[in-house]
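In this note's numbering, the protein residues as written are 19 to 243. Even glycine gets a Cβ: it sits at the ideal position worked out from N, Cα and C.
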Amino acid sequence: MQRPASPDEFVAQACRTLLDRIDDLAKEVSLEIERKEPIYDSFDTVSTDDLRSANQENLLAVLGDLSGEQTQGLAVPRATGRQRANQGVPLPTCTTPGTVDAYAGTQLPVTPKLKFNGTARYAFDVRDFKSFAQATVFHQSSTTYSLEATRFYAGDTPPFTTVDLSAGTGLNNWHLEAYIENAFDKRGQLGRNSECNDGVHYCLLNAHIYPIKPMQFGVKFGQKF
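Below is the structure:
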C-alpha cells in the first residue's frame with residue numbers, strides 16, 4: 019500500500035479503515051469501559067447494549083469527522099452526556115482524564131455540610147446531695163473522600179447521630195457519675211481513605227473506614243482535697 023502524501027490524508031485513510039470495522043471497535047471500547055469503570059455495574063439503566071450503541075454513535079461521529087466523510091460536530095457527545103446525566107451516572111465517570119474533577123459547589127473532602135451537637139442538663143438536689151442528669155446529641159452529615167473524580171469509587175460516609183447520657187450526684191468534696199457514650203451503639207464513619215489508586219480501583223472500592231467509638235459506659239468518682 020502506498021503511504022499517503024500528507025499526515026492529514028494518512029489520518030483520514032486510517033479513520034476510513036476503522037469505520038469499516040465500527041461494530042467490532044464499538045464492542046471492544048464498551049468492554050474496556052466496563053472493565054475500567056466498574057461503577058457502571060451499579061446503574062441498571064445503562065445496559066450493555068445502551069453503552070455499546072452510544073459508543074458506536076460517538077465513534078462514528080469522531081471518525082467520520084476525521085476522515086472527512088461526515089461532520090456532526092459535538093451534537094452526538096452532548097446528547098450522550100445529557101442521557102447519562104438523566105440516568106444518574108456521576109459526571110466524572112463520563113468525562114475523559116485530565117478534565118475538571120471538582121466543579122464549582124463541590125463539597126470539600128472530609129468536611130460535612132452539617133455538623134452540630136446539643137446538650138441538655140438538669141440539676142437538682144436530693145436532700146444535701148447535688149445531683150444532675152444530662153443528655154448530649156451529636157449529628158454529622160455525610161463526607162466525601164477527596165476532590166478527585168475517583169472519590170466515587172470510595173463512596174461517601176453516611177450521616178450518623180449519637181447520644182451520650184450521664185447522671186451523677188455529690189456531697190461536700192466528692193462526686194459520683196455514671197455515663198454511657200454512644201448509647202445506641204451507632205457505627206458512624208468519620209472518614210474513608212485508601213493507600214493506593216490502582217487502575218482497576220480495587221483499593222478505593224475497599225477503602226479504609228475510620229469509625230467512631232462504639233458504645234462505652236462506666237463510673238467516675240472524684241474527690242477534692
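Measuring straight from C-alpha to C-alpha, what distance separates H157 and L37? Between H157 and L37, the alpha-carbon positions lie close to 57 angstroms from each other.
Under 8 angstroms Cβ to Cβ from P232, same chain only, skipping five residues before and after it: list those, please. Within the same chain, P232 has close Cβ partners N200, D203, R205.
Name the DSSP bridge partner or partners of F170? Residue pairing by DSSP places F170 opposite no residue, since no beta bridge is assigned to it.
Pick helix, strand or coil for D68, following the three-state DSSP scheme. D68 falls in the helix class under three-state DSSP.
Skipping 5 residues on each side, what residues in its chain have a beta carbon closer than 7 angstroms to that of L78? Result list for L78: I40, in chain order.
Identity of the residue in T180, A185, E27, V237 nearest S149 by Cα: Ranking the options by Cα distance to S149, first place goes to A185.
Around the Cβ of F170, are there at least 16 other Cβ atoms within 10 angstroms (buried) or fewer (exposed)? By the C-beta density criterion, F170 is buried, having at least 16 other C-beta atoms within 10 angstroms.
Measuring straight from C-alpha to C-alpha, what distance separates L126 and L165? If I take the Cα positions, the gap works out to 7 angstroms.
Under the rule that 16 or more other beta-carbon atoms within 10 Å means buried, what is Y163, buried or exposed? Per the 10 Å Cβ criterion, buried.
Would DSSP call D83 helix, strand or coil? The answer is helix: DSSP assigns D83 an H, G or I state.
Are the beta-carbon atoms belonging to T154 and D174 less than 8 angstroms from one another? It is not a contact, given that the beta carbons lie outside the stated cut-off.
Beta-carbon contacts of Y228 that lie in its chain and below 8 angstroms, excluding the five residues immediately before and after: Taking Y228 as the centre and dropping the five residues before and after it, the same chain places the C-beta of Q207, L208, G209, R210, N211 closer than 8 angstroms to its C-beta, in chain order.
With 8 angstroms set as the bound, which would you pick, yes or no: does the beta-carbon of A30 sit closer than that to a beta-carbon of chain C? No chain C appears in the structure shown, which is made up of a single protein chain.
Taking only the alpha-carbon atoms, compute the straight-line gap between V107 and G123 and give it to the nearest angstrom. Their Cα atoms are separated by approximately 18 angstroms.
Look up Q234 in the DSSP assignment and say whether it is helix, strand or coil. Look at Q234 here: in three-state DSSP terms it is strand.
DSSP three-state label for E199, please. In this structure, E199 counts as strand in the three-state DSSP scheme.
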